[in-house]
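This note's numbering puts the first residue of the sequence shown at 9, with every later residue one more than the last.
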Amino acid sequence: MVHVMRPQARIRPVASIIVVALLAASAGAITGCGEGRETAADAEPDLAAEITQSRLDQSLDAVSVSVTNRGDAPVSVDRLRLHAPPFPDGTSEVEADLVPGQRVAFRVTYGEPDCMGTLPTPEAATADVRIDGSSVAQIDVDDSDNALGRLLTIRCGVQLLAEVADVEFGPNWTLTPDGSAVLGTVELSRVNPEHDLVLRQVGGSVVYGLDPVQADEPVVTLGTDQAAATVPVRMTAIRCDPHALAEGRGKKNHVFRLWFTLDDDPTEIFVELKAGADIQVLLDQLCPAP
9 MVHVMRPQAR
19 IRPVASIIVV
29 ALLAASAGAI
39 TGCGEGRETA
49 ADAEPDLAAE
59 ITQSRLDQSL
69 DAVSVSVTNR
79 GDAPVSVDRL
89 RLHAPPFPDG
99 TSEVEADLVP
109 GQRVAFRVTY
119 GEPDCMGTLP
129 TPEAATADVR
139 IDGSSVAQID
149 VDDSDNALGR
159 LLTIRCGVQL
169 LAEVADVEFG
179 PNWTLTPDGS
189 AVLGTVELSR
199 VNPEHDLVLR
209 QVGGSVVYGL
219 DPVQADEPVV
229 TLGTDQAAAT
239 VPVRMTAIRC
249 DPHALAEGRG
259 KKNHVFRLWF
269 TLDDDPTEIF
279 VELKAGADIQ
289 VLLDQLCPAP
C-alpha cells in the first residue's frame, strides 16, 4: 500500500475559519474537482512487472525487471527489490518517473541460488517498489519467458558440476600456420570420485565456433577411477561481420558452452567457459575488428 502523509491542521480564529469555508465552498462550486484530486493522490499505483534478460544482462550476471505504469497518474520509483527464491534478493537503485503507459527496466544483479544439491524450480517472483522515497508497493513479477528458470538450471548445474570436477580451458593455445583456427584444450580435473562425468557436446558463440579435434560421441568420459582428462579443441571464426562483432564485443563473443551429464542421468548440465586474455588475443587474429 502507498501511504500518503498529510500535514496537521492548525487552529485558526473563528472569523478566519468562516472566510476559508466560504472560499472553499465557492471553489468547489466552480471547479467541482477538489475531491477527485484527493482520491487520485490516495489511489494505490497500478504497476505491472516482468522479467527480461538481454545479452548485456547476461554478460553482467543480471536480469531486468521491466515495470509498466498502467494507472492514470505519474509514479516516482526510486528503488526496486526483486524477491525470487531460491536466488537471494537483488536491488536496483535506479530512479525513474513513470508517466501513465511508460515502461522502465530496472537492472538487478542476481547472486548464487540455494540449490540444496538438486535442480529446483524457482518460486513466484515479486518486487517491492519504493515510491517517492517512503511508500512501498509489492507487485507480482511475470516470468512467462522462464528467464529465472533457465538461470536456475545453469547456476545449479555449475554448482553440481563443481562438486564433481573442475572444468577449464588449458594453458597452451596456438594459432594454426594458415591462421584459420586456434588450437588448445579443455581440462577436466576430478574433485571427488562419486560420479562418472560425461562431456556430451561443446559449442561456440555467435562469432567463434568450438569443436573437439576428434569427433567422438560422447566427447569424453571422466570415469570414477580417473583423476583428469584432456580434450583437444579447435576454435574457428563463424561470423566476422561488423554487426556480429559490435553486438557481442565485450559481452558473449568469447564465452563458450559445454554440456555434461552425470552417470546414467540424461539431465544435461550446461556450463559456460570464458576465454582468457591470452586466448582472446589469438581469436582477434581470426576475426579482427573492422
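Glycine included, every Cβ here is placed at the ideal spot set by N, Cα and C.
This one's a predicted model, so the numbers in the text were calculated from it and none came from an experiment.
Option nearest residue i by Cα separation, candidates the options
i: Gly119; options: Asp186, Leu160, Val239; result: Leu160
i: Ala135; options: Asn77, Asn180, Ala170, Val73; result: Val73
i: Phe268; options: Arg208, Asp105, Ile287, Leu281; result: Arg208
i: Asp151; options: Asp122, Asn180, Val190, His91; result: His91
i: Arg312; options: Gln61, Asp249, Gly217; result: Beyond the ends of the chain as shown, which are 9 and 298, falls residue 312; an answer cannot be given.
i: Gln110; options: Ala189, Glu225, Val75; result: Val75
i: Asp140; options: Gln66, Asp204, Thr229, Pro82; result: Pro82
i: Glu276; options: Gly79, Gly165, Arg115, Asp249; result: Gly165
i: Glu225; options: Val210, Val215, Thr232; result: Val210
i: Asp273; options: Asp219, Leu290, Pro108, Val206; result: Val206
i: Met124; options: Arg163, Asp219, Thr182, Leu266; result: Arg163
i: Ser143; options: Arg87, Leu183, Val102; result: Arg87
i: Glu101; options: Val107, Pro93, Phe114; result: Phe114
i: Thr182; options: Thr60, Ile287, Asp80, Thr229; result: Ile287
i: Gln167; options: Leu291, Val279, Leu290; result: Val279
i: Arg158; options: Ala70, Asp80, Val289; result: Ala70
i: Asp122; options: Pro108, Pro93, Glu103; result: Pro93
i: Val2; options: Asp249, Val215, Val194, Arg247; result: Lying before the first or after the last residue shown, residue 2 is absent from the chain, which here runs from 9 to 298.
i: Glu103; options: Arg78, Arg138, Asn77, Asp80; result: Arg138
i: Asn77; options: Arg63, Val289, Ala145; result: Ala145
Residue i (DSSP reduced to helix, strand or coil)
i: Ile246; result: coil
i: Ala155; result: helix
i: Ser142; result: coil
i: Ala285; result: helix
i: Leu205; result: strand
i: Thr161; result: helix
i: Leu266; result: strand
i: Ala170; result: helix
i: Leu64; result: helix
i: Asp292; result: helix
Any chain B beta carbon closer than 9 angstroms to residue i
i: Val166; result: Given the protein chain composition of this structure (a single chain), no chain B is represented.
Beta-carbon proximity of residue i to residue j, cut-off 9 angstroms
i: Asp153; j: Ala132; result: no
i: Leu156; j: Phe95; result: yes
i: Ser213; j: Asn180; result: no
i: Ala223; j: Cys295; result: no
i: Leu270; j: Asp174; result: no
i: Gly187; j: Gln293; result: yes
i: Leu68; j: Thr129; result: no
Neighbour-count burial assignment, residue i, 16 or more Cβ in a 10 Å radius
i: Pro53; result: buried
i: Gly284; result: exposed
i: Gly98; result: buried
i: Ser84; result: exposed
i: Val221; result: exposed
i: Glu176; result: exposed
i: Ile65; result: Going by the sequence as given, residue 65 is Asp instead of Ile. It counts as buried.
i: Arg89; result: buried
Residue i CB to nearest heavy atom of the ligand FMN below 8 angstroms
i: Trp267; result: Ligands are entirely absent from the displayed structure, and the ligand FMN is therefore not among its contents.
So, does the stretch 229-237 touch the stretch 195-210, judging by three or more C-beta pairs under 8 angstroms?
yes
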